[in-house]
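Enquirer: Those protein sequences? They're chains R and F, same order as listed. Counting in our numbering, the first sequence runs from 213 upward without gaps. Counting in our numbering, the second sequence runs from 751 upward without gaps.
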Amino acid sequence: LPTHPEKDNEGDAKLVQNYLNKFYAVEPDPNQLGWKINSESGSEKLQKMQQFFGLKVTGKLDNETLEMMKKPRCGVPDVGL
Amino acid sequence: YGFTLPGWKKNKLTYRIVNYTPDMSKEDVDKAIEEAFKVWSVVTPLIFTRIHKGIADIMIAFGTRVHGHCPRYFDGPLGVLAHAFPPGNGLGGDVHFDEDEDWTTGSSGFNLFLVAAHEFGHALGLSHSKDQRALMFPNYAYISPSEFPLSPDDISGIQSIYGSPPNAPDERPTTPTSPKICGSQMSFDAITTLRREVIFLKGRHLWRVYPDNPEAERELISVFWPNVTPGIEAAYENTKDQILLFKGNKFWIVSGYQVLLGYPKSINTLGFPKGVKKVDAAVCNKNTGKTDFFIGDKYWRFDENSQSMEKGYPRPTVNEFPGISQRVDAVFQQKGLFYFFHGSKQWEFDPLAKKVIREMKSNSWFNC
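1) Out of 1104(F), 1094(F), 1078(F), point me to the one whose CA is closest to residue 1087(F)'s CA.
2) Would you grab the beta carbon distance between residue 814(F) and residue 909(F) for me? Rounded to a whole angstrom, and I think it's under 8 Å.
3) Across which residues does DSSP place residue 985(F) in a beta bridge pair?
4) Here's the rule: buried if 16 or more other CB atoms are within 10 angstroms of the residue's CB, otherwise exposed. What is residue 756(F)?
5) Going by C-alpha distance, which of 1019(F), 872(F), 941(F) is nearest residue 904(F)?
6) Suppose you measure from the CA of residue 1053(F) to the CA of residue 887(F); what does that come to, to the nearest Å?
7) Just by C-beta distance, which residues in the region 966 to 977 of chain F are closer than 8 Å to chain R?
8) Are the CB atoms of residue 802(F) and residue 766(F) within a distance shorter than 8 Å?
9) So, are the CB atoms of residue 902(F) and residue 972(F) less than 8 Å apart?
10) Of all Cβ atoms in chain R, is any one closer than 8 Å to the Cβ of residue 927(F)?
11) Please list the residues of the region 821 to 837 of chain F that have a C-beta atom closer than 7 Å to any C-beta atom in chain R, keeping them in chain order.
12) So which residues of chain R does residue 889(F) contact, with C-beta pairs closer than 9 Å?
13) Skipping 5 residues on each side, what residues in its chain have a beta carbon closer than 8 Å to that of residue 828(F)?
14) Skipping 5 residues on each side, what residues in its chain have a beta carbon closer than 8 Å to that of residue 946(F)?
15) Measuring only the C-alpha atoms, how far is residue 846(F) from residue 1019(F)?
16) On the premise that residue 764(F) lies in contact with residue 806(F), defined as a C-beta separation below 8 Å, what is that separation, rounded to the nearest angstrom?
17) Give a yes or no on whether 8 Å exceeds the smallest Cβ distance from residue 193(R) to chain F.
18) Curious, which full-length alpha helix (DSSP H) runs of at least 4 residues does the region 955 to 981 of chain F contain?
19) Look at the alpha carbon of residue 253(R) and the alpha carbon of residue 265(R), and state the distance between them as a whole number of angstroms.
20) Going by DSSP, what residues sit across from residue 766(F) in a beta bridge?
21) Does the beta carbon of residue 849(F) come closer than 8 Å to any beta carbon on chain R?
22) For residue 809(F), tell me which candidate among 778(F), 785(F), 870(F) has the shortest Cα-Cα distance.
23) Since I believe residue 937(F) is in contact with residue 1079(F) (beta carbons under 8 Å), could you give me their beta-carbon distance rounded to a whole number of angstroms?
24) Alpha carbon to alpha carbon, how far is residue 284(R) from residue 866(F)? Give it in angstroms, no decimals.
25) Residue 920(F) by DSSP, collapsed to three states: which one?
26) Could you check the C-alpha separation between residue 980(F) and residue 898(F) for me, to the nearest Å?
27) Are the CB atoms of residue 1033(F) and residue 1063(F) nearer to each other than 8 Å?
28) If the cut is a Cβ gap below 8 Å, which residues of chain R does residue 868(F) touch?
29) Measure from the C-beta of residue 787(F) to each C-beta in chain R and report whether the shortest distance is under 8 Å.
30) Excluding the 5 residues preceding and the 5 following residue 942(F) in the sequence, name in chain order all residues of the same chain whose CB lies nearer than 7 Å to its CB.
31) Quick one: what's got a C-beta closer than 6 Å to residue 1107(F)'s C-beta in the same chain, skipping five residues either side?
32) Check each candidate in 996(F), 1068(F), 759(F) and name the one with the smallest Cα separation from residue 1048(F).
33) Evaluate residue 977(F) with the Cβ neighbour count: other Cβ atoms within 10 Å of its Cβ, from every protein chain shown; 16 or more gives buried, anything less gives exposed.
34) Ordered along the chain, which non-local residues of its own chain (more than five positions away) have a Cβ less than 7 Å from that of residue 199(R)?
35) Buried or exposed, going by whether 16 or more other CB atoms sit within 10 Å of the CB of residue 1096(F)?
36) Measuring alpha carbon to alpha carbon, tell me which of 226(R), 233(R), 221(R) ends up nearest residue 257(R).
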């Protein structure tokens, strides 16, 4: 995931990865033959998240995006229910 | 809004509270859950009935980390607060709350009523909304209990699955309640003039009072200024026919109905130091071109001409405004006089004589 060097804080990177996997990983539909492996890259998921929250869509981690990810929220995914 | 069809194929649904959180009394949990279902039943034909044993459509439980057979895990304090499953058998419709959170009936911790109302939206088939004013927005946001928590977006979403209540007069999304303006305890979050009007703001709503028209007009803030989040805390009209709206450490400038581009901005850009997190109230004295910002028991003075904060502030409010000793909820200027609001009272203040002229009820401007 492209990040700003100073942003390369281990904890933040882990938080971001978890967040995107939890809320922006399109859960494959078990009924579909030959499941489409969830090939979306981190950057694409990040763009989706930034778009959902009305943030600047860059696909790169910035302060505002990180702050939004730290806010308490519902555990239901934002996409791909 | 978003939804997952087909939703429940019946209007009568059962729910069961399987266990309780130690953070709240059982009565408070029961009430919060009942009220949270009521939020959805008032805008749809749905009817919710509680059962105490067996399998209900909507099973409600508190758990931590890996809980029961649930495929989703909780993460300890903060982070994920709760989750729910869309309508269906088994896990379908079930709602789980993370017991590692602090569940409350108020504004501290996480308000169980609000989170439950959100999760029940999922249990009925709604997914998350991108509208920051919607209850179905993913992030937690506290809303005063006097406010009906559903936004027009939420109501449109749920009514697209189940339709409106059988006795609704028309199909438009209805927000059944808004604060009772003539209630004896009525208070306001912010008040501003706009040319000859006075605009009173509270939660999601605003009331427009015209000098010669006894009937105030009530609107949803989101209808008036779509990009502005509800719960505005301070507002004032500057010397350029614009309104500034404040919430937390952000502010918007509105010209007419248009929010200027590039807003919200941080209040630090006005000259407040980093430590200032919010503004309680604000008023621009049209006679001097100076704006007073009230924060706690102090005020700051801003020069609208030079667009800069004046030196030597903050100062105790009571020094400049003798008799205004309480925190200021809202303030505006009308015909040269200031009107300070705190709770259900207001004080008419003469800035030249520097004295309170009279005390009135906050809603004295409405034809109560």
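All residues carry an ideal CB built from backbone N, CA and C; glycine is no exception.
Expert: The answer reads as follows:
1) 1104(F)
2) No, residue 814(F) and residue 909(F) are not in contact; Cβ-Cβ is about 35 Å, not under 8 Å.
3) 995(F)
4) exposed
5) 872(F)
6) 38 Å
7) none
8) yes
9) yes
10) For residue 927(F), the predicted structure reports a pLDDT of 49, less than 50, and the residue's modelled location is therefore unreliable. The matter cannot be settled from this model.
11) 822, 828, 829, 830, 831, 832, 833, 834, 836
12) 265, 280, 283, 284, 285, 286
13) 851
14) 960, 961
15) 42 Å
16) 4 Å
17) Because chain R in this structure spans residues 213 to 293, residue 193(R) falls outside the shown range and cannot be described.
18) 971 to 974
19) 19 Å
20) 809(F)
21) no
22) 870(F)
23) 6 Å
24) 14 Å
25) Unreliable placement is indicated for residue 920(F), whose pLDDT of 47 sits below 50; the coordinate value is still reported in the next sentence. It is coil, neither helix nor strand.
26) 12 Å
27) no
28) 286
29) no
30) 949, 985, 986, 987, 993, 1082
31) 1098, 1100
32) 1068(F)
33) exposed
34) With chain R covering only 213 through 293, there is no way to say anything about residue 199(R).
35) buried
36) 233(R)
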